[in-house]
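Novice: My questions will all concern the structure given below.
Residue numbers (the numbering used here), protein chains in the order written: chain D, 10 to 335; chain B, 10 to 335.
See below:
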């Protein structure tokens, strides 16, 4: 069998069944691993890889932005647990003919976001690549014992919320790939694709509220990511598509170019907003910017079911790295 | 300027000056980062990347061995500090047309070494690569506070030791690349290249001996790696080349194929033996298998100087990923 048939989630499942995490440890399957320490704080760890040609095109993305984004997508995984990031490790495979100016700009972007979130670069690896740039970042973080928000804790009656507008990043990528002229609005979408801002303080604040039950960051797209929460929690859900927050820039650009904003918001991915479920009582008291987009319902039967209210068009499922190119 | 002119160590220096580790933390520049915890134990972290075409050829290395080696080279970094590895994180970028049998064998090798050293796989990332396989492993470990052995602590009068024979791995690689027929001795060399055994228990035992001052693992080759210790410690050194341990398999194969065993032992790399310096008194009491190959001398002047005794041929400096292909 080829990997393209197995798919990304089939592969993860296969690896997961072979490796059992020790007792008390959350291993493979959430945004971060959660490792309890005798200090009363849990260590959080996550790792993300970016490959030229899969995740970015060198001719398109400015190296500063790539450096920023490489750290951002990892910090976002710590945010997704409600944790505080403490440091990062960067592995870089680079072609020998790369200009050092490129590397300096990359490190500049990486340094700027590291400073903004107080996360020093503590180590990593540098090596040669025959052609493609390959980047891996591992981030460490921490949070109080047993307070990290997992995907598996969504509860019946919870409302489903996101911290910001969805689809901008996917529209930005579309604009880049189609070579659309970059006016202010288009550039805004592209910026959200190239320089995502991880929701670190928002995640920490949500973690303090015990009514917030399940949380993750939106990297593959709302459809796919919410499905992970439902699978892990054994719940169903309904989403009111009219409640999904869309930016004005996205709406305008979709009108101008004939794109479907809902498809971008639901299946586009790389929003790096937080997706969480919480009790309606807790939601009423939240001070973190957020939008209620649906609710968690009891599992009817069979696999977790996600219902989209307010649309007649079928919405695409989530993104799978091995099943379709990007 | 191109990266090929700057070189790997120029790049690391450039990154190092931009990112300062917080007080009390050992960041970039050793085998691992060392992060003190309030528990009285230090957390050790290291990350290593393996790229198809740079570090391995898919048609040559059996996937089981690649899985084994990916974990081994990282566990070796924890061993190099005298630490105990506690868990790993694996990022895998794979082409979509890869057979799942390949992946299963890879994970089998990874699982076997993980079990042998008690290091569960706790997380990571899976993603698509347009062509080349790209692997990154991050390993976590621990050791008692301030007991990790850094590169920077070699002291005048120390003897210089290695835990095993050098050059086998480089000869194994040479045999693979030249397509030499694989009899028992050749296969032994190839096995040392494909399935290195990280010196984890040896490193922990050496850490218990306070006379052991500086330590690292041999990945780039004795010449290059010892130079790192000398640079970091501000010392010079003399190596007696006749004392460098060479395996019988290496000697035989070098005779048969006309290879230079000393060049392989000094500049070959990927031995994953431990290189350490310690007082002669401490050395006399060591129970870990080891060979004394030289001694640390006072810095005369200028940059650290490494003298090779017992050879008239100039020995190549260490390996630089960006300056020459492999």
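Each residue gets a CB set at the ideal place from its N, CA and C atoms; glycine is no exception.
Let me make sure I understand the geometry here. Which of B:134, B:97, B:147, B:141 has the alpha-carbon closest to that of residue 124 of chain B?
Specialist: It is B:97.
Novice: Check for me: the beta strand (DSSP E) holding residue 45 of chain B runs from which residue to which?
Specialist: Note, residue 45 of chain B: beta strand (DSSP E), 42–45.
Novice: Ends of the alpha helix (DSSP H) at residue 242 of chain D?
Specialist: From DSSP, the alpha helix (DSSP H) with residue 242 of chain D extends over 231–242.
Novice: Between residue 276 of chain D and residue 110 of chain B, what straight-line distance do the alpha-carbon atoms span, to the nearest angstrom?
Specialist: Looking at the two C-alpha atoms, the distance is approximately 31 Å.
Novice: Suppose the cutoff is 8 Å on Cβ atoms and the five residues either side in sequence are ignored; what does the same chain contact list for residue 312 of chain D look like?
Specialist: Around residue 312 of chain D: 240.
Novice: Between the stretch 82–101 of chain D and chain B, which residues of the former have a C-beta closer than 7 Å to a C-beta of the latter?
Specialist: The stretch 82–101 of chain D vs chain B, Cβ under 7 Å: 98, 100.
Novice: Just verifying my parser: in three-state terms, what is the DSSP assignment at residue 28 of chain B?
Specialist: Coil.
Novice: Look up residue 137 of chain D in the DSSP assignment and give the residues it is bridged to.
Specialist: Beta-bridge pairing links residue 137 of chain D to D:103.
Novice: If the cut is a Cβ gap below 8 Å, which residues of chain D does residue 47 of chain B touch?
Specialist: Simply 48.
Novice: In its own chain, which residues sit with a C-beta less than 7 Å from the C-beta of residue 335 of chain B, not counting the 5 before and 5 after it?
Specialist: Because the pLDDT of residue 335 of chain B is 35, which lies under 50, any placement of that residue in the model is unreliable, and the number read from its coordinates should be weighed accordingly. Counting only Cβ-Cβ distances below 7 Å, and skipping sequence neighbours, we find 63.
Novice: Using a Cβ cut-off of 9 Å, pull out every chain B residue sitting near residue 112 of chain D, in sequence order please.
Specialist: Going along chain B in sequence order, the residues near residue 112 of chain D (Cβ under 9 Å) are 12, 15, 20, 23, 24.
Novice: With the cut-off set at 8 Å, would you say residue 278 of chain D and residue 230 of chain D are in Cβ contact?
Specialist: Yes. Within cutoff.
Novice: How many Å lie between residue 29 of chain B and residue 132 of chain D at the Cα?
Specialist: Computed Cα separation, rounded: 11 Å.
Novice: Going along the chain, which residues of its own chain have a beta-carbon closer than 7 Å to the beta-carbon of residue 250 of chain B, five neighbours each way excluded?
Specialist: Excluding residues within five positions, the ones whose Cβ falls inside 7 Å are 271, 317, 318, 319, 320.
Novice: Compare the Cα-Cα distances from residue 56 of chain D to each of D:266, D:80, D:67 and report the closest residue.
Specialist: Out of D:266, D:80, D:67, D:80 has the C-alpha closest to the C-alpha of residue 56 of chain D.
Novice: Using a Cβ-Cβ distance under 8 Å, would residue 135 of chain D count as near chain C?
Specialist: The structure shown contains no chain C; its protein chains are D and B.
Novice: How would you write the range of the beta strand (DSSP E) that residue 197 of chain B sits in, first residue to last?
Specialist: Premise fails: residue 197 of chain B lies in the alpha helix (DSSP H), 193–203, not in any beta strand (DSSP E).
Novice: Let me know the secondary structure DSSP gives residue 223 of chain D once reduced to three states.
Specialist: DSSP places residue 223 of chain D in strand when its eight states are reduced to three.
Novice: Classify residue 236 of chain B as buried or exposed, calling it buried when 16 or more other Cβ atoms lie within 10 Å of its own Cβ.
Specialist: So residue 236 of chain B counts as buried.
Novice: I need the boundaries of the beta strand (DSSP E) containing residue 145 of chain B, first residue and last residue.
Specialist: Run containing residue 145 of chain B: 143–153, per the beta strand (DSSP E) assignment.
Novice: Does the stretch 141–154 of chain B come into contact with the stretch 260–274 of chain B, if we say contact requires no fewer than three beta-carbon pairs (one atom in each stretch) closer than 8 Å?
Specialist: Touching, no.
Novice: Using a 10 Å radius around the Cβ and a threshold of 16 neighbouring Cβ atoms, would you call residue 10 of chain D buried or exposed?
Specialist: Exposed.
Novice: Kindly indicate the opening and closing residues of the beta strand (DSSP E) around residue 37 of chain B.
Specialist: Per DSSP, residue 37 of chain B belongs to no beta strand (DSSP E) and is neither H nor E.
Novice: Under the rule that 16 or more other beta-carbon atoms within 10 Å means buried, what is residue 68 of chain B, buried or exposed?
Specialist: Exposed, because fewer than 16 other Cβ atoms sit within 10 Å of the Cβ of residue 68 of chain B.
Novice: Suppose you measure from the CA of residue 70 of chain D to the CA of residue 203 of chain D; what does that come to, to the nearest Å?
Specialist: Cα-Cα distance, rounded: 7 Å.
Novice: Just how far apart, CA to CA, sit residue 137 of chain D and residue 104 of chain D?
Specialist: For residue 137 of chain D and residue 104 of chain D, the distance between alpha carbons rounds to 6 Å.
Novice: What is the DSSP secondary structure of residue 275 of chain B, counted as helix, strand or coil?
Specialist: Correct three-state label for residue 275 of chain B: helix.
Novice: Please compile the residues from chain D whose C-beta is within a distance smaller than 9 Å of the C-beta of residue 224 of chain B.
Specialist: Ordered by position in chain D, no residue passes the 9 Å Cβ test against residue 224 of chain B, which lies about 17 Å from the chain.
Novice: So, at 7 Å on beta carbons, what are the nonlocal neighbours of residue 26 of chain B in its own chain, with the 5 sequence-adjacent residues on each side left out?
Specialist: No residues qualify anywhere along the chain.
Novice: Flag this pair as yes or no: are the beta carbons of residue 151 of chain B and residue 50 of chain B separated by less than 8 Å?
Specialist: The answer is yes: Cβ separation under 8 Å.
Novice: Any Cβ of chain B within less than 8 Å of the Cβ of residue 54 of chain D?
Specialist: Interface residue, yes.
Novice: Would you check if there are 3 or more beta carbon pairs closer than 8 Å linking the stretch 84–103 of chain B to the stretch 37–47 of chain B?
Specialist: In short, these stretches touch, since the Cβ pair count reaches three.
Novice: Find out if the Cβ-Cβ distance for the pair residue 167 of chain D, residue 301 of chain D is shorter than 8 Å.
Specialist: No, Cβ-Cβ distance for residue 167 of chain D and residue 301 of chain D is not below 8 Å.
Novice: Under 8 Å, Cβ to Cβ, is there at least one residue of chain D near residue 37 of chain B?
Specialist: Yes, residue 37 of chain B counts as interfacial toward chain D.
Novice: What is the DSSP secondary structure of residue 122 of chain D, counted as helix, strand or coil?
Specialist: The answer is helix: DSSP assigns residue 122 of chain D an H, G or I state.
Novice: Measure from the alpha carbon of residue 283 of chain B to the alpha carbon of each residue in B:45, B:94, B:228, B:190, then state which is nearest.
Specialist: Checked all of B:45, B:94, B:228, B:190; the closest Cα to residue 283 of chain B is B:228.
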